[in-house]
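Worksheet: one structure, shown below.
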Amino acid sequence: MDYEKILEEQMNNVIDPDQAADITNKASEITGGLSDIFSLDKIVKATLEGESIFDNQEMIDSLKSLAVYEIRAALVLGIEILVICIIIGLLKNLSSSLGKKSMSDISLLVCTMIIIGISINSFRLAYNLCLDSVSTMVSTMEIIAPILFGILISTGSIASGTIMSPVVIGSVTGTGIILKKFILPAMFAATILALINCLTEKDYVNKLSKLLRNAAVAVTGLLMAILSGIVSVQGLITDASDGLLINTAKYSLSTFIPIVGGFTADTAELFIKCMNTIKSIVGVFGMIVIILVIIVPLIKVLVISLIYKITAAVAEPICDSKISDGINDMGSCLISLGAIMFFAALLFIIFISAIVSMGGE
Amino acid sequence: MRKLTDGLLTWVKDIFLIIISLSFFQILLPESSMEKYLKFIFSIIIMAVIIQPVICIMGHIGT
Chain A
1 MDYEKILEEQ MNNVIDPDQA ADITNKASEI TGGLSDIFSL DKIVKATLEG
51 ESIFDNQEMI DSLKSLAVYE IRAALVLGIE ILVICIIIGL LKNLSSSLGK
101 KSMSDISLLV CTMIIIGISI NSFRLAYNLC LDSVSTMVST MEIIAPILFG
151 ILISTGSIAS GTIMSPVVIG SVTGTGIILK KFILPAMFAA TILALINCLT
201 EKDYVNKLSK LLRNAAVAVT GLLMAILSGI VSVQGLITDA SDGLLINTAK
251 YSLSTFIPIV GGFTADTAEL FIKCMNTIKS IVGVFGMIVI ILVIIVPLIK
301 VLVISLIYKI TAAVAEPICD SKISDGINDM GSCLISLGAI MFFAALLFII
351 FISAIVSMGG E
Chain B
1 MRKLTDGLLT WVKDIFLIII SLSFFQILLP ESSMEKYLKF IFSIIIMAVI
51 IQPVICIMGH IGT
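Chains A and B supply the protein sequences, listed in that same order.
Just so it is clear: in the first sequence, position 108 is 108 by our numbering, and no numbers are missing.
Just so it is clear: in the second sequence, position 37 is 37 by our numbering, and no numbers are missing.
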């Protein structure tokens with residue numbers, strides 16, 4: 001019997017194709033079809049034949065076209081803002097000849113509010129995309145983690161499976177709720193406050209916006225440090241105890257049972273190795289889905305923030321320093337949003353790699 | 001949980017509206033000796049709106 005057949009048979013026993021299709025569909029919705037390049041079957045094939053999975057011109061092309069598209073869309077936004085900034089500069093210089101101070105003040109306020117409106121609109125698009133990508137990452141983890149733990153327990157790592165399963169699934173769900181209910185809304189609030197701040201001559205909410213932003217990033221970093229620490233350390237301990245158990249079982253099988261004991265031990269080892277291969281395949285599939293789900297919103301957010309920063313730099317000589325500061329802060333907020341998503345994705349990838357590296361030996 | 005998120009957004013909306021309306025008022029005010037005091041009062045109003053959730057949370061903890 002050859003190993004490809006064993007692998008495929010066990011693969012079908014372990015993974016429900018509906019669930020795999022579910023993950024792929026959700027990921028493809030967010031990434032706009034980018035994730036279709038990596039299906040579970042292709043990864044299995046690459047594993048069996050020892051091919052590289054990232055050696056793919058199609059992927060590079062679609063990423064490039066995505067980046068170009070986003071840059072174009074964001075450039076329109078930047079030019080709109082820049083035009084309004086030029087109008088503001090004109091109004092400011094003309095205000096002395098207009099005579100009445102209140103007239104020019106009101107027109108400045110209206111122009112600033114138009115800038116705020118445009119910015120909030122584009123920010124909301126990026127924010128919703130981030131929210132979607134976080135939900136997809138969490139649901140992918142919630143499907144992948146139980147499969148991985150099932151495989152882990154079937155290879156004999158009982159302690160790892162039973163102890164790590166609630167820890168990992170609990171922290172994935174908890175991270176999802178904390179991100180969606182507290183951290184991302186706090187980032188939204190921080191961005192809006194940073195924009196409001198450019199309406200008034202005096203700083204009213206500048207520090208408040210910075211406080212919210214820094215708190216959101218700090219809480220995400222702290223969450224990542226604590227959870228990944230717990231999972232890796234606990235994983236090491238349970239893995240050591242499981243290794244002891246498996247090796248004892250193998251040794252006693254081959255030593256104490258006469259004649260057939262050796263064959264049985266070899267068969268058991270082959271089975272465990274096979275299951276470990278499947279575990280690696282499923283883990284890699286999960287990691288790739290998470291990376292793809294993160295990369296599309298990340299490109300969008302970073303491109304928009306870059307455009308905001310450039311617009312702020314270009315607009316500074318023409319208009320108020322207040323307005324260019326506001327646009328600059330908005331760019332920083334978007335970068336923080338990207339950092340938060342990146343932290344979350346990193347946490348999930350650490351979880352998967354911790355589970356994949358567990359057990360078997 | 002839902003209440004908390006909504007509360008955060010309402011709070012930001014309140015700050016937004018209060019700052020916009022007060023800056024309009026400031027523009028419409030006639031120039032007089034009272035202007036400085038009025039600006040101070042406006043700042044106090046904005047501060048009150050900003051610390052409103054803190055007071056709310058303190059009240060919940062107290063009961």
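By construction, the Cβ of each residue, glycine as well, lies at the ideal position given by its N, Cα and C atoms.
- Within its own chain, the residues whose Cβ lies closer than 7 Å to the Cβ of ILE178(A), once the five positions on either side in sequence are excluded, are LEU223, listed in chain order.
- Any Cβ of chain B closer than 8 Å to the Cβ of LYS207(A) would place that residue at the interface, and such an atom is absent.
- The shortest C-alpha to C-alpha distance from GLY32(A) to any of THR277(A), SER228(A), ASP16(A), LEU292(A) is the one to LEU292(A).
- The C-alpha of SER107(A) is placed about 13 Å away from the C-alpha of LEU28(B).
- In the three-state reduction of the DSSP assignment, GLU9(A) falls in the helix class.
- Closer than 8 Å to the CB of THR5(B) there is at least one CB belonging to chain A.
- Proximity of chain A to VAL54(B) at the Cβ level (cut-off 9 Å) is not reached, the minimal Cβ distance being about 12 Å.
- Distance check between ALA345(A) and each of THR255(A), PRO258(A), ILE147(A), ILE290(A) places ILE290(A) closest, using alpha-carbon atoms only.
- By the beta-carbon neighbour count (other beta carbons within 10 angstroms, threshold 16), LYS279(A) is buried.
- Note that the C-beta distance between ILE46(B) and LEU8(B) is not below 8 Å.
- Unbroken alpha helix (DSSP H) stretches of 4 residues or longer found wholly inside the segment 14 to 81 of chain A: 17 to 31, 40 to 49, given in chain order.
- Taking CB atoms only, THR200(A) has a neighbour in chain B less than 8 Å away.
- Of the residues assessed, ILE307(A) falls on the buried side of the cut-off, its CB having 16 or more other CB atoms within 10 angstroms.
- Assigned with DSSP and collapsed to three states, LEU199(A) falls in coil, not helix or strand.
- The C-beta of VAL217(A) has 16 or more other C-beta atoms within 10 Å across all chains shown, which makes the residue buried.
- In this structure, DSSP gives GLU31(B) a state outside helix and strand, which the three-state scheme calls coil.
- Put simply, the CB of TYR204(A) is near chain B, with a gap under 8 Å to one of its CB atoms.
- Less than 8 Å divides the Cβ of THR112(A) from the Cβ of ILE323(A).
- Residue contact check for SER32(B) against chain A: no CB pair falls below 8 Å.
- DSSP, reduced to helix, strand and coil, places LYS279(A) within a helical segment of the structure shown.
- With at least 16 other beta carbons inside 10 angstroms of its own, TYR127(A) counts as buried.
- Taking the Cα positions, LEU270(A) is about 37 Å away from PHE343(A).
- Rounded to whole angstroms, the Cβ separation of VAL303(A) and ILE71(A) is 5 Å, and the two are in contact under 8 Å.
- LEU244(A) sits exposed, since fewer than 16 C-beta atoms from the chains shown fall within 10 Å of its C-beta.
- Straight-line measurement puts the Cα of ASP132(A) at about 13 Å from the Cα of GLY338(A).
- Nearest CB-CB separation between ILE44(B) and chain A: not below the 8 Å threshold.
- Between the beta-carbon of VAL76(A) and that of ILE15(B) there is about 30 Å, and that puts the pair past the 8 Å contact cut.
- Interface flag for LYS181(A) against chain B is set, since a Cβ pair is found closer than 8 Å.
- A distance of 8 Å or more separates the beta carbons of ILE60(A) and ILE53(A).
- Per DSSP, reduced to three states, the secondary structure at THR155(A) is coil, with no helix or strand assignment.
- When the beta-carbon positions are compared, GLN57(A) and VAL167(A) stay at least 8 Å from each other.
- Counting C-beta pairs with one atom in each stretch, the segment 187 to 204 of chain A and the segment 309 to 328 of chain A have three or more that are closer than 8 Å, which means they touch.
- With at least 16 other beta carbons inside 10 angstroms of its own, THR155(A) counts as buried.
- The alpha-carbon separation between LEU17(B) and GLU31(B) amounts to approximately 24 Å.
- In the structure shown, PRO185(A) adopts helical secondary structure according to DSSP, grouped into three states.
- Excluding sequence positions up to five before and after ILE192(A), its CB lies within less than 7 Å of the CB of ILE120, all in the same chain and listed in chain order.
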